[in-house]
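Below: the structure, in structure tokens.
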Amino acid sequence: MAKLAAVLGLGAVGSTIAAKLIGNGWEVCSADTRENPEREFDFIEGSSRKHYAIPALADPKKADILIITLKAFTTGKAVRPLRNRFRPSMPVMLLENGMGQDAAVMDVFRVNPFYLGVTALGAVKDGNTVTLNADGKAVYGPRSVNAGGIGKIKDLPDSVFCFEENPVPAVLRKLAANTVINPLTAVLDEKNGIILEKAELVRRLTDEISRVLAPLGLGETPDSLYKAVMGIAEKTLENSSSMREDVRHGRPTENDFILGFVIKTAERFGMDVPELKRLEAEFLRKAGNAA
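Residue numbers (our numbering): 8 to 298.
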């Protein structure tokens with residue numbers, strides 16, 4: 008019998024994960040509790056275009072895993088209606104940008120094995136069409152004690168997911184890159200390639216970020232983090248960051264869980280981060296003017 012994945016958040020990333028799971032023999036349902044949770048989309052990967060119809064999750068007790076891929080600022084509210092609907096032994100995986108929202112998820116799923124992860128996917132959703140621009144696996148690992156006892160989740164395809172005993176460094180590396188690329192491209196209203204033209208600013212930002220996130224387990228020097236951010240910008244030259252797109256369309260942004268999270272962490276540690284604070288002030292002005 009095919010395994011069943013419940014996905015909460017069928018945006019660009021969630022739809023990509025859904026398509027890849029279906030391609031590996033899984034069934035996928037939408038865990039959205041709002042009216043009309045069913046989703047249909049076309050998925051474009053290279054020259055391939057496939058249509059997917061994702062039904063609503065009829066019986067949460069039959070789900071083998073819940074994968075959450077929402078915008079960070081919507082997560083807390085979206086997961087609350089799911090309390091006590093799934094089996095206590097079912098794994099829950101959070102695959103989102105930013106940090107800080109995991110506490111709200113763990114509060115709802117207090118006894119479930121809880122996993123944290125990030126994706127290296129570059130996908131864009133335009134209407135009902137999802138286009139995969141950059142492929143990559145989702146790195147995940149245990150965040151709760153009982154998940155640590157289980158380890159790797161059985162039957163998840165290795166072509167889509169990569170298990171690590173400690174997912175925190177990978178999550179922090181993604182957070183660090185997003186802290187530079189997302190707000191800066193939004194302020195400049197440019198695609199990711201503009202980062203390559205701002206080398207000195209990126210060096211100053213990555214110096215502050217590496218110091219702030221080191222106590223949390225980042226494990227990157229200022230120089231290695233700088234090179235990593237510039238490498239991501241080079242690989243995603245033509246991509247438009249999610250925060251840039253949110254500002255351009257007057258939507259709420261994930262700033263509080265990305266740049267804002269890093270600044271609040273710096274304040275908690277008593278660290279001075281003038282470049283990050285300057286970038287946030289410019290970003291908030293830009294977002295406010297676009298709203």
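For glycine and all other residues, C-beta sits at the position ideal for the given N, C-alpha and C.
Beta-carbon within less than 6 Å of residue i's beta-carbon, same chain only, minus the 5 sequence neighbours each way: which residues are those?
| i | result |
| --- | --- |
| ALA298 | Confidence is the limiting factor: at ALA298 the pLDDT is only 49, short of 50, which leaves the residue's position unreliable, though a coordinate-based value still follows. So the qualifying residues of the chain are GLY257. |
| LEU28 | ALA12 and VAL35 |
| GLU2 | Outside the modelled stretch of the chain, which goes from 8 to 298, sits residue 2, for which no answer is possible. |
DSSP three-state label for residue i, please.
| i | result |
| --- | --- |
| PRO62 | coil |
| PRO149 | strand |
| GLU227 | coil |
| SER22 | helix |
| VAL280 | coil |
| GLU241 | helix |
| GLU207 | helix |
| ALA298 | A caution first: ALA298 carries a pLDDT of 49, below 50, which makes its placement in the model too unreliable to give a value. |
| SER55 | strand |
| ALA327 | Absent from the structure is residue 327, since the part of the chain shown begins at 8 and ends at 298. |
| ARG94 | coil |
Per DSSP, residue i forms a beta bridge with which residues?
| i | result |
| --- | --- |
| SER37 | VAL14 and ALA63 |
| GLU47 | ALA60 |
| LYS132 | VAL137 |
| ILE72 | ALA12 |
| TYR122 | MET100 and PRO149 |
| PHE168 | ALA145 |
Within its chain, find whatever has a CB closer than 8 Å to the CB of residue i; leave out the 5 residues flanking it on each side and keep chain order.
| i | result |
| --- | --- |
| ALA9 | GLY32, TRP33 and GLU34 |
| MET237 | ILE202, LEU203, ALA206 and VAL209 |
Here's the rule I'm using: 16 or more other beta-carbon atoms within 10 Å means buried, otherwise exposed. How should residue i be labelled?
| i | result |
| --- | --- |
| ALA25 | buried |
| ARG150 | buried |
| VAL118 | exposed |
| VAL152 | exposed |
| ILE39 | First, the amino acid is wrong: residue 39 is Asp here, not Ile. It counts as buried. |
Once the 5 residues before and after residue i are set aside, which same chain residues still bring their CB inside 7 Å of it?
| i | result |
| --- | --- |
| CYS36 | LEU11, ALA13, ILE61, PRO62, ALA63 and LEU64 |
| LEU77 | LEU15, GLY16, ALA85 and GLU103 |
| VAL146 | GLY124, VAL125, CYS169, GLU171, PRO174 and ALA177 |
| PHE48 | SER22, TYR59, ASN135, THR136 and VAL137 |
Taking CB distances under 7 Å as the criterion, tell me whether residue i reaches chain D.
| i | result |
| --- | --- |
| PHE290 | Here chain D cannot be found, since the structure has a single protein chain. |
- [ ] Kindly confirm or deny that the segment 62 to 75 and the segment 215 to 230 touch, where touching means at least three C-beta pairs closer than 8 Å.
- [x] no
Open item on the list: Assess contact between the segment 114 to 131 and the segment 279 to 286, defined as three or more Cβ pairs (one per stretch) separated by less than 8 Å. Is contact present?
Closed with: no
Open item on the list: Whether or not the segment 198 to 212 and the segment 78 to 94 are in contact is what I'm after, with contact meaning three or more pairs of Cβ atoms, one per stretch, closer than 8 Å; do they touch?
Closed with: no
Open item on the list: Assess contact between the segment 132 to 141 and the segment 247 to 266, defined as three or more Cβ pairs (one per stretch) separated by less than 8 Å. Is contact present?
Closed with: no
TODO: Tell me, please, whether the segment 42 to 52 touches the segment 97 to 113 by the rule of three or more beta-carbon pairs shorter than 8 Å.
DONE: no
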